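Trainee:
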Amino acid sequence: MRPNIWQNSFGLHSFSIAGDANFYLFKALNLLIDIGAWHPILASAQHIFLSHGHMDHIAGLFKLLSYKTSHKIQPPTIYAHPDMQPNIQTACQALEQLNGLKTWDYHWQNLIPETHFTIGNNRLLQAFPLTHHIHSNACLIWEQRKRLQERYKGLDTQQIQRLVLEGAEVNDQILIPIIFYSGDTESSVFAIPELFNAEICVLECTFWEPEYRSKANKFKHLHIMDILDVASQFNNKILILTHISERYSIEFITNTAQKLQDLLPRSVQLKLDLPTIITT
Ligand SMILES: [Zn+2]
Ligand SMILES: [Zn+2]
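Residues -5 to 274, numbered by this note's numbering, are exactly what the sequence shown covers, in order.
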């Protein structure tokens, strides 16, 4: 397995095949979203967001916990739906016994809608409940930034410095959506406005052939036609289509994606998360 390495400020490394294995490591944020397979580059992740319990999204978690414990690496925090905790705990206990090793260390954080979790300097994690076969969450990362208050915008730098020295608060705190990951879902995910506005949107697109659209809906996955329907709304810097079924040839995917590229605003870079291809 060779993860794709994407050119962006977040250090994204991903690997994705629908139903087989999916992970998205944002190295610069110490953030790993889903872990459907193990790869040594994942060992450093401190914040692990699990969108849902399907094996193509969690299978590598146990290897990561074992690796971190045996190499005495700081235990990670796992963010996931509360219903997943007892089953993850039971699976860990069974595997710990099979291995005859000591208990694997991790912290657990239940995902609560509307709640912001701090994951490092000025970065906040928020989950959005999705529609899938089992409890599933999308992941949004916010960045806190400062913006000069409206009433001070006409002042020059020296005047602002003087106000700061006098103890005035001249900035507002604002939240900017920087990363959106859809997880496995159907088209109700498009009701989340940050999907369209985050700097990077990692969006599942499992099914691609036209005659499969109703089945995709039944299986609670996105179809490329669902995405074509909302193409004009995307305002991301980078839109990555991921979780692509391996039933399709790369040529078919690339040709079909061109239809989406033609409908997207020109400022949006469209990327395809195809397995084993390294994009530089
Ligand atoms: Zn999946
Ligand atoms: Zn799934």
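We put the beta carbon where it would ideally sit given N, CA and C, even for glycine. Note that the structure is a prediction, hence the values are computed from the model and not measured.
I'd like the ranges of any beta strand (DSSP E) spanning at least 3 consecutive residues and lying wholly in the segment 87 to 128.
Mentor: Those beta strand (DSSP E) runs which fall completely within the segment 87 to 128 and span 3+ residues are 101 to 104, 117 to 123.
Trainee: Quick one: what does DSSP say Leu258 is sitting in, helix, strand or coil?
Mentor: Leu258 falls in the coil class under three-state DSSP.
Trainee: Whose CA, out of Ala37, Ile186, Gly47, lies closest to the CA of Thr63?
Mentor: Thr63 has its Cα closest to that of Ala37, out of Ala37, Ile186, Gly47.
Trainee: Kindly confirm or deny that the segment 206 to 213 and the segment 226 to 233 touch, where touching means at least three C-beta pairs closer than 8 Å.
Mentor: No contact exists between the segment 206 to 213 and the segment 226 to 233.
Trainee: Pair every Cβ in the segment 40 to 50 with every Cβ in the segment 170 to 180, then say whether three or more of these pairs are closer than 8 Å.
Mentor: At 8 Å Cβ cutoff, the stretches touch.
Trainee: Hey, Ala12 and Ile238: beta-carbon distance below 8 Å or not?
Mentor: Their beta carbons are under 8 Å apart, which means Ala12 touches Ile238 by this criterion.
Trainee: Starting from Thr71, trace the alpha helix (DSSP H) both ways and give me its first and last residue.
Mentor: Element bounds for Thr71: not the alpha helix (DSSP H) but the beta strand (DSSP E), 71 to 74.
Trainee: What runs of the alpha helix (DSSP H), each 4 residues or longer, lie entirely inside the segment 138 to 207?
Mentor: Complete alpha helix (DSSP H) runs here, min 4: 151 to 159, 188 to 191.
Trainee: State the Cα-Cα distance for the pair Ile170 and Tyr100, rounded to the nearest angstrom.
Mentor: The alpha-carbon atoms of Ile170 and Tyr100 are separated by roughly 29 Å.
Trainee: By DSSP, does Thr273 sit in helix, in strand, or in coil?
Mentor: Any reading at Thr273 must be qualified, since the residue scores a pLDDT of 44, below 50, and its modelled position is unreliable; no value is offered.
Trainee: Does DSSP put Leu44 in a helix, in a strand, or in coil?
Mentor: In this structure, Leu44 counts as coil in the three-state DSSP scheme.
Trainee: My parser needs the beta strand (DSSP E) runs of 3 or more residues fully inside the segment 4 to 46; what are they?
Mentor: Fully enclosed beta strand (DSSP E) runs of 3 or longer: 6 to 11, 15 to 20, 25 to 29, 41 to 43.
Trainee: Check whether the Cβ of Asp220 sits closer than 7 Å to any heavy atom of ligand 2, and report yes or no.
Mentor: No.
Trainee: Using the rule of at least 16 other Cβ atoms within 10 Å of the residue's Cβ for burial, across every protein chain shown, is Pro80 buried or exposed?
Mentor: Answer is exposed; the Cβ neighbour count stays below 16.
Trainee: Count the C-beta pairs between the segment 140 to 149 and the segment 76 to 92 that are closer than 8 Å, then say yes if the count reaches three, no if not.
Mentor: Touching, no, given that fewer than three Cβ pairs across the two stretches are closer than 8 Å.
Trainee: Tell me which residues share the same chain as Asn2 and place their Cβ nearer than 7 Å to its Cβ, disregarding the 5 neighbours each side in the sequence.
Mentor: For Asn2, where only same-chain residues beyond five positions count, the Cβ hits under 7 Å are Ile194, Ile232.
Trainee: Can you tell me which of the three DSSP states Leu235 falls into?
Mentor: Three-state result, Leu235: strand.
Trainee: Please name the residue or residues paired with Gln263 in a DSSP beta bridge.
Mentor: DSSP lists Ile232 as partners of Gln263.
Trainee: Can you list, in chain order, the residues of its chain with a C-beta nearer than 8 Å to that of Pro259? Leave out the 5 residues immediately preceding and following it.
Mentor: Ser226, Phe228, Asn229, listed in sequence order.
Trainee: Check whether the Cβ atoms of Leu26 and Phe17 sit closer than 8 Å, and answer yes or no.
Mentor: Yes.
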